[in-house]
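Residues in the sequence shown are numbered consecutively from 1, following the UniProt record's numbering.
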Amino acid sequence: MEREVRVRFAPSPTGPLHIGGVRTALYNYLLARKLGGKMLLRIEDTDQNRFVPGAEDYIRQSLEWCGIELDESPWNGGPHAPYRQSERKPMYMQYAQQLIDSGHAYYAFDTPEELDAMRARLTAAKVPNPQYNSITRAQMRNSLTLPAEEVKQLLESGEQYVIRLKVPRKEEVRFNDLIRGWVVVHSSSIDDKVLMKSDGMPTYHLANIVDDHLMEITHVIRGEEWLPSAPLHVLLYRYLGWESTMPQFAHLPLLLKPDGTGKLSKRDGDRLGFPVFPLEWHGKDAETGEPTVSSGYRESGYLPDAFINFLAFLGWNPGSQQELFTMEELIEAFSIERVSKSPARFDQNKVRWYNEQYLRAKPDSELAQYLLEALQAQGLEVPAGKAEQIAALVKERATFPADLAKEAQLFFVRPTAYDEQVISKKWNTQVAGALAEFARELPAATDASPDAIKALLTQVLERQGIKIGQVLQALRVAVTGAAAGPDLMHIMSILGTQETAERIEMAISQLPA
């Protein structure tokens, strides 16, 4: 019987969730939904020294904002609860003991000073990468070098110890990565990793493998930084007797800085002025302890659909020219085989482009709500119908929802200055006279539609013997103060004939003909 596809996202609550982590969660989610499986979230908090208050809730809120739905998690439970590793602590020791009993792990009683001395000896001997491994363990204090009776006494006396994996000295460890193909690593490059710490908590390596097995995970999709640990994990599956149900591994490409010179970090975002976190994060400076605020995509005005669409393309492509996808379309198109092994370069201009596309595709009624909220915050009360008209007109000039209110200011604030370049080239006695007549006739117009206003303007100009091209820019500047903007006839229609006439008259009184 074929196993149900089960994937997991397993962040640590050590701070805000980086967008690289969101991408990992997204790819897990897309694969699970594509294959009709389940996605769970597990909080990996075995390192209690690095726990940051608020980080777990931040992870939950981030995934909710992104639209990544969890089938099982610490917050909505599931058949494999608990989903926090700190709450699963009692179950790990039995598996560490199983490894000791089968000869694949051992007790190590080395003090920090003895470990430092070992590294110093190896460094002095010009060993490039000092490790506690199949060679050096023979000179250390552990259950492989000490008499059995002494080991028993040390354990019974409460001597502090760790449990280390006994990695074979000469063996090739291989696995087939879904993105990178066959990966082969010689065991001599793998150190005897600690599996259980002296405080009784498991390390990431043991807890990760045990939980993935018990939670029946079928696919482990994670960042490239975990690739060096994968051979160790393969050994653990083998030594615990779980090789036949070992999940398939897929290690995602790195996210690079915009210039492609290294891994994208928070400092890059701060330096270049863009967020690297989905939501705003309130933390503390590591050195000074002073409160800090890191910007988030949500608070910066990005729409979750645009953010997710952008992230999906950082390392994956659908094999077609299509760039805009709903979440449902991403699920349908996604395949792990189309994820690249090459690093993906972050492009802030591209995520802005995505936001523009999604914002402009929204119904005008929805855009009007953004606009109304912003205008109300400024103390401006505007009918919903008018807000919808304005939103429809200015949306092509907006990247973020907040831009709608900025672009809409021309409807509520009369110009106090006029584009000098247009005035110097286009404003003269003839133009001012024609616009004055247009302003006199406007308030009496019974039809204030854009077409009716343009027809009236055309009639006035024909009587004056002036072509419309001679006055349009001057008229725009008189009404808005600017040389460019949304469709002028629609602007005047929304302003209304009386307000438009008064603006033209005000410009004529202030500008020399």
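No residue lacks a Cβ here, since even glycine has one placed at the ideal position from N, Cα and C. Predicted model, so just to flag it, every value in this text is computed and none were measured.
Helix, strand or coil at residue 248 according to DSSP, with G and I counted as helix: In the sequence shown, residue 248 corresponds to position 248, counting from 1. In the structure shown, residue 248 sits in a strand (DSSP, three-state: E or B).
Reduced DSSP secondary structure (H/G/I, E/B, other) of residue 493: Within the sequence shown, residue 493 is the residue found at index 493, counting from 1. Correct three-state label for residue 493: helix.
Segment limits, beta strand (DSSP E) that includes residue 164: The residue given as residue 164 occupies position 164 in the sequence shown. Counting along the chain, the unbroken beta strand (DSSP E) around residue 164 starts and ends at 162–165.
Find the nearest neighbour of residue 200 within the set 225, 254, 91 and 174, judged by alpha-carbon distance. For the purposes of this step, residue 200 is identified with residue 200 of the sequence shown, where counting begins at 1. Ranking the options by Cα distance to residue 200, first place goes to 91.
What is the DSSP secondary structure of residue 95, counted as helix, strand or coil? Along the sequence shown, read from residue 1 onward, the residue named residue 95 stands at position 95. DSSP places residue 95 in helix when its eight states are reduced to three.
Should residue 358 and residue 428 be called a contact, given that it needs their Cβ atoms to be closer than 9 Å? As a first step, residue 358 is located in the sequence shown; it is residue number 358 there, counting from the start. As a first step, residue 428 is located in the sequence shown; it is residue number 428 there, counting from the start. Not a contact, by the Cβ cut-off of 9 Å.
Do residue 504 and residue 435 have their CB atoms nearer than 9 Å? By 1-based counting over the sequence shown, the position of residue 504 is 504. By 1-based counting over the sequence shown, the position of residue 435 is 435. In contact: residue 504 and residue 435 (Cβ atoms closer than 9 Å).
Quick check: the region 405–419 against the region 439–458, are there 3 or more CB pairs under 8 Å? no
Counting Cβ pairs, one atom from each stretch, are 3 or more of them under 8 Å apart for the region 380–396 and the region 471–478? no
Does the distance from the C-beta atom of residue 72 to that of residue 80 stay below 9 Å? What you label residue 72 is simply residue 72 of the sequence shown in a count that begins at 1. What you label residue 80 is simply residue 80 of the sequence shown in a count that begins at 1. Yes. Within cutoff.
Spatial distance of residue 254 from residue 224 (CA atoms): On the sequence shown, residue 254 is found 254 positions in, with the first residue counted as 1. On the sequence shown, residue 224 is found 224 positions in, with the first residue counted as 1. Spanning the two alpha carbons is a distance of roughly 6 Å.
Exposed or buried, which one is residue 153 when buried takes at least 16 other CB atoms within 10 Å? Against the sequence shown, residue 153 aligns to sequence position 153. Exposed is the call here.
Determine, using beta carbons only, whether residue 331 and residue 40 come nearer to each other than 9 Å. Position 331 of the sequence shown holds residue 331. Position 40 of the sequence shown holds residue 40. No, these two residues do not count as a Cβ contact at 9 Å.
Report yes if the CB atom of residue 515 is closer than 9 Å to the CB atom of residue 162, and no otherwise. No answer is possible for residue 515: it lies beyond the span of the chain, which begins at 1 and ends at 513.
6 Å Cβ shell around residue 213 - same chain, five flanking residues per side excluded: Counting from one through the sequence shown, the residue named residue 213 turns up at place 213. Excluding residues within five positions, the ones whose Cβ falls inside 6 Å are 242.
If you follow the beta strand (DSSP E) that residue 297 is in, where does it begin and where does it stop? If you number the sequence shown from 1, residue 297 lands on position 297. It is not in any beta strand (DSSP E) - residue 297 carries neither H nor E in the DSSP assignment.
Can you round the beta-carbon distance between residue 399 and residue 355 to whole angstroms, since I take them to be within the 8 Å contact cut? Looking up residue 399 in the sequence shown gives position 399. Looking up residue 355 in the sequence shown gives position 355. Taking the Cβ atoms as the reference, residue 399 lies roughly 6 Å from residue 355, within the contact range of under 8 Å.
Output needed for residue 133: all residues of its chain with C-beta closer than 7 Å, excluding positions within five of it in sequence on either side, in chain order. As a first step, residue 133 must be located in the sequence shown, where it is residue number 133. 167, 191 and 192.
Should residue 49 go down as buried or exposed, given a rule of 16 or more other Cβ atoms within 10 Å for buried? Taking the first residue of the sequence shown as position 1, residue 49 is located at position 49. The residue in question, residue 49, is exposed, as its Cβ has fewer than 16 Cβ neighbours within 10 Å.
Proximal residues to residue 3 (C-beta, below 6 Å), its chain only, five neighbours per side dropped: Position 3 of the sequence shown, counted from the start, is the residue given in the question as residue 3. Cβ neighbours of residue 3 beyond the five flanking positions: 218.
Following the continuous alpha helix (DSSP H) through residue 384, name the residue where it begins and the one where it ends. Residue mapping note: residue 384 aligns to position 384 of the sequence shown, counting from 1. 384–394 is the span of the alpha helix (DSSP H), which, as asked, contains residue 384.
For the region 363–374 against the region 438–457, are there 3 or more C-beta pairs whose distance is under 8 Å? no
Residue 395 classed as buried or exposed, judged by whether at least 16 other C-beta atoms fall within 10 angstroms: Position 395 of the sequence shown holds residue 395. Buried, by the Cβ-count rule.
Taking only runs that begin and end inside the region 387–450, name each unbroken alpha helix (DSSP H) of 4 or more residues, in chain order. 401–408, 420–426 and 429–441
Span of the beta strand (DSSP E) holding residue 72? Translated into positions along the sequence shown, residue 72 becomes position 72. Premise fails: residue 72 is in no beta strand (DSSP E) and is neither H nor E.
DSSP three-state label for residue 151, please. In the sequence shown, counting from the first residue as 1, residue 151 sits at position 151. In this structure, residue 151 counts as helix in the three-state DSSP scheme.
Might you give, ordered along the chain, the residues of its own chain that have their beta carbon closer than 7 Å to the beta carbon of residue 273, omitting 5 neighbours on each side? Here residue 273 corresponds to residue number 273 of the sequence shown, with the count starting at 1. For residue 273, where only same-chain residues beyond five positions count, there are no Cβ hits under 7 Å.
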